[in-house]
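*Asks:*
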Ligand SMILES: Cc1ncc(COP(=O)(O)O)c(C=O)c1O
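Numbering (the numbering used here), first residue to last: 1 to 425.
1. Can you list the residues near ligand 1, meaning Cβ strictly closer than 5 Å to any non-hydrogen atom, in the order they appear in the chain?
2. Enumerated in chain order, which unbroken segments of the beta strand (DSSP E) with a length of 3 residues or greater are wholly contained in the stretch 95-142?
3. Please give the ranges of any alpha helix (DSSP H) in the stretch 219-277, keeping only runs that are unbroken, at least 4 residues long and fully inside the region.
4. Going by DSSP in three states, residue 4 sits in which element: helix, strand or coil?
5. For the putative contact between residue 37 and residue 242, defined by C-beta atoms under 8 Å, what is the C-beta separation to the nearest angstrom?
6. So with Cβ pairs under 8 Å, would you call residue 338 a contact of chain B?
7. Check whether the Cβ atoms of residue 44 and residue 63 sit closer than 8 Å, and answer yes or no.
8. Residue 342 by DSSP, collapsed to three states: which one?
9. Would you say residue 5 and residue 280 are within 8 Å of each other, going by their C-beta atoms?
10. In whole angstroms, give me the CA-to-CA distance for residue 286 and residue 396.
11. Under 8 Å: do the stretch 324-341 and the stretch 301-314 share three or more Cβ pairs, one atom per stretch?
12. What do you reckon, are the CB atoms on residue 278 and residue 220 nearer than 8 Å?
13. Assuming residue 367 and residue 327 make a contact with CB atoms under 8 Å, what is their CB distance in whole Å?
14. Does the distance from the C-beta atom of residue 394 to that of residue 388 stay below 8 Å?
15. Would you identify the three-state DSSP class for residue 193, choosing helix, strand or coil?
16. Look at the Cβ atom of residue 77, then the Cβ atom of residue 99, and state whether they are nearer than 8 Å.
17. Let me check one thing: in DSSP terms, what residues is residue 87 bridge-paired to?
18. How long is the line joining the alpha carbons of residue 91 and residue 248, rounded to whole angstroms?
19. Would you grab the beta carbon distance between residue 131 and residue 201 for me? Rounded to a whole angstrom, and I think it's under 8 Å.
20. Restricting to Cα atoms, I'd like to know which of 403, 264 and 418 is closest to residue 410.
21. Taking just the CA atoms, how far does residue 359 sit from residue 61?
22. Report back the beta-carbon spacing between residue 33 and residue 314 to the nearest angstrom; my notes put them in contact at under 8 Å.
23. Checking the sheet assignment: what are the DSSP bridge partners for residue 77?
24. Does DSSP classify residue 352 as helix, strand or coil?
25. Given this structure, state the Cα-to-Cα distance separating residue 93 from residue 337, to the nearest angstrom.
26. On the CB-based measure, 16 or more other CB atoms within 10 Å of its CB, does residue 112 come out buried or exposed?
27. In angstroms with no decimal places, state the Cα-to-Cα distance between residue 26 and residue 323.
28. Could you give the C-beta distance for residue 142 and residue 135, rounded to a whole number, given that I count them as a contact under 8 Å?
29. Answer with buried or exposed for residue 320, where buried requires no fewer than 16 other C-beta atoms within 10 angstroms of its C-beta.
30. When you compare each of 15, 8 and 10 to residue 333 by their alpha carbons, which one comes out closest?
31. Residues in its own chain within less than 7 Å of residue 39 by CB, not counting five upstream and five downstream?
32. Using DSSP with H/G/I as helix, E/B as strand and the rest coil, what is residue 26?
33. Check whether the Cβ atoms of residue 406 and residue 69 sit closer than 8 Å, and answer yes or no.
34. Which residues share a DSSP beta bridge with residue 360?
35. What residues match up with residue 329 in a beta bridge as DSSP calls it?
36. Helix, strand or coil for residue 198, going by three-state DSSP, please let me know.
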């Protein structure tokens, strides 16, 4: 186990801090498990991104799916970000946080008619279409509403992003986007959709990408389509690169926004349109941790387990992607290390945060931090095993505040209790 710094989370002496706040103080006030975020890290990441692309006319649409807490959305909105919303629910959350319809783009591979209608009602900047079938539906709904829908086609550039197969989206075998020839055909015959204005072209090749080469390859392929569409007489107003920028979970050495800019800017500068980005994980991933408490220490002949009060329902990534999350103590105690599995109380063998990892020999009630949990953490949590979703706390400098409270058992019963007695809710 190496004590480590991630973003704003670092040791001061023997104690883990976020900014100027000792994490233990937060855990004592709000209990565990608890998600803790750093507003400072969110700001730093956002500003590194915008600075890297300052010479290119661009807009950042924060991918709300990575962390949909209202205060997190508001933080990015206040920095100037628009929102990439993947569902009507995300759109509602963004609106609740103060985001206007025309500051959002509506994405998602299977949008329902109600979601498309809601997007058009709110006047989103663009709806991203993922199939010809969907284009037909958008066209019909826009016609019924007496509107023209602004649409970008998500092209699948057939590029290998070299990431986990479950988060790779830009290969032709993936369910996402429209192939290059079909996209070209649609742009060419745009009059087939009289209630659609084709405003842009789009891609998103996957997530947790740590090399620039797949971006370069995909951007170049998409630019070919852009220019061919332009030669056909259709001028597109935006070119959307999607998200996907990787972060350090273990020992990865991901590229920086500057590194990405140096590789793709030459192509982007040739385009005569705005560049859109949809980063999620890059902005939020290392801006969050999950703090859990050691409940039990189990030693068998050849195995060692630490059972914590946090579980797979709180942070699913290790269970579904076998994802690495660094686990480190809130207090360093100069103890020898033990090779252990850090697991939760849920009735699944897949309920673990780490396996066979060297950690400081634990003590009962000790607090541990599961690092890099700011993206695809809380948003993927569930009530499995009828566990309540955990609170979220935002640290800003030397202050912290609750931004979501721990669910009560009333939350768990809300949708059913009245129906049990034959009453309507
Ligand atoms: C269309 C789209 N845009 C943006 C993102 C955000 O990706 P990331 O968090 O890797 O930046 C995703 C993630 O799945 C996505 O599907």
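All residues carry an ideal CB built from backbone N, CA and C; glycine is no exception. Remember, it's a predicted structure, so these values are computed and weren't measured experimentally.
*Replies:* The relevant details are as follows:
1. 63, 66, 107, 204, 207, 242, 243, 244, 278, 279, 280 and 281
2. 104-106 and 126-129
3. 257-270
4. As a working note, residue 4 is residue 4 in the chain shown. Residue 4 falls in the coil class under three-state DSSP.
5. As a working mapping, residue 37 is identified with position 37 in the chain shown. As a working mapping, residue 242 is identified with position 242 in the chain shown. That pair is no contact at about 24 Å.
6. In the displayed structure, chain B is absent; only one protein chain is listed.
7. Position 44 of the chain shown, counting from 1, holds the residue named residue 44. Position 63 of the chain shown, counting from 1, holds the residue named residue 63. Going by C-beta atoms, residue 44 is not nearer than 8 Å to residue 63.
8. Locating residue 342 in the chain shown gives position 342, counting from the first residue. Note: residue 342 maps to strand in three-state DSSP.
9. Along the chain shown, one-based indexing puts residue 5 at 5. Along the chain shown, one-based indexing puts residue 280 at 280. No, they are not a contact pair.
10. Position 286 of the chain shown, counted from the first residue, corresponds to residue 286. Position 396 of the chain shown, counted from the first residue, corresponds to residue 396. Approximately 15 Å, taken between the alpha carbons.
11. yes
12. Position 278 of the chain shown holds residue 278. Position 220 of the chain shown holds residue 220. No, Cβ-Cβ distance for residue 278 and residue 220 is not below 8 Å.
13. One-based indexing of the chain shown puts residue 367 at position 367. One-based indexing of the chain shown puts residue 327 at position 327. With a Cβ gap of about 11 Å, residue 367 and residue 327 do not count as contacting.
14. On the chain shown, residue 394 is found 394 positions in, with the first residue counted as 1. On the chain shown, residue 388 is found 388 positions in, with the first residue counted as 1. The answer is no: Cβ separation not under 8 Å.
15. Position 193 of the chain shown, counted from the start, is the residue given in the question as residue 193. Reduced to three states, the DSSP call for residue 193 is coil.
16. Taking the chain shown and counting its residues from 1, the one referred to as residue 77 is at position 77. Taking the chain shown and counting its residues from 1, the one referred to as residue 99 is at position 99. Against a cut-off of 8 Å, the Cβ pair of residue 99 and residue 77 comes out as a contact.
17. Reading the chain shown from its first residue, position 87 is the one you call residue 87. DSSP output for residue 87 lists no bridge partner at all.
18. Indexing the chain shown from 1 puts residue 91 at position 91. Indexing the chain shown from 1 puts residue 248 at position 248. Answer to the nearest angstrom: the Cα atoms are 29 Å apart.
19. Position 131 of the chain shown, counted from the start, is the residue given in the question as residue 131. Position 201 of the chain shown, counted from the start, is the residue given in the question as residue 201. About 15 Å; that fails the 8 Å criterion.
20. On the chain shown, residue 410 is found 410 positions in, with the first residue counted as 1. Checked all of 403, 264 and 418; the closest Cα to residue 410 is 418.
21. Within the chain shown, residue 61 is the residue found at index 61, counting from 1. Within the chain shown, residue 359 is the residue found at index 359, counting from 1. So the alpha carbons of these two residues sit roughly 38 Å apart.
22. Your numbering for residue 33 matches position 33 in the chain shown. Your numbering for residue 314 matches position 314 in the chain shown. That belief holds up - the Cβ atoms of residue 33 and residue 314 are roughly 5 Å apart, short of 8 Å.
23. Here residue 77 corresponds to residue number 77 of the chain shown, with the count starting at 1. In the DSSP output, where bridge partners are listed per residue, residue 77 has none listed.
24. Indexing the chain shown from 1 puts residue 352 at position 352. Looking at residue 352 - three-state DSSP - the assignment turns out to be strand.
25. Here residue 93 corresponds to residue number 93 of the chain shown, with the count starting at 1. Here residue 337 corresponds to residue number 337 of the chain shown, with the count starting at 1. Distance between the alpha carbons of residue 93 and residue 337: 44 Å.
26. Mapped onto the chain shown, residue 112 falls at position 112. Answer is exposed; the Cβ neighbour count stays below 16.
27. One-based indexing of the chain shown puts residue 26 at position 26. One-based indexing of the chain shown puts residue 323 at position 323. Using only the alpha carbons, I get a separation of about 26 Å.
28. Counted from its first residue, the chain shown places residue 142 at position 142. Counted from its first residue, the chain shown places residue 135 at position 135. So it is not a contact: roughly 10 Å between Cβ atoms.
29. Here the question's residue 320 lines up with position 320 in the chain shown. It counts as exposed.
30. Residue 333 sits at position 333 when you count from the first residue of the chain shown. Out of 15, 8 and 10, 15 has the C-alpha closest to the C-alpha of residue 333.
31. For this step, residue 39 is matched to residue 39 along the chain shown. Hits under 7 Å: 75, 394, 395 and 396.
32. The residue labelled residue 26 in the question sits at position 26 within the chain shown. Helix at residue 26.
33. Against the chain shown, residue 406 aligns to sequence position 406. Against the chain shown, residue 69 aligns to sequence position 69. Not in contact: residue 406 and residue 69 (Cβ atoms no closer than 8 Å).
34. Counting from 1 along the chain shown, the entry for residue 360 is found at position 360. For residue 360, which the question treats as bridged, DSSP gives the partners 337.
35. Here residue 329 refers to the residue found at position 329 of the chain shown. 368.
36. Your numbering for residue 198 matches position 198 in the chain shown. In this structure, residue 198 counts as strand in the three-state DSSP scheme.
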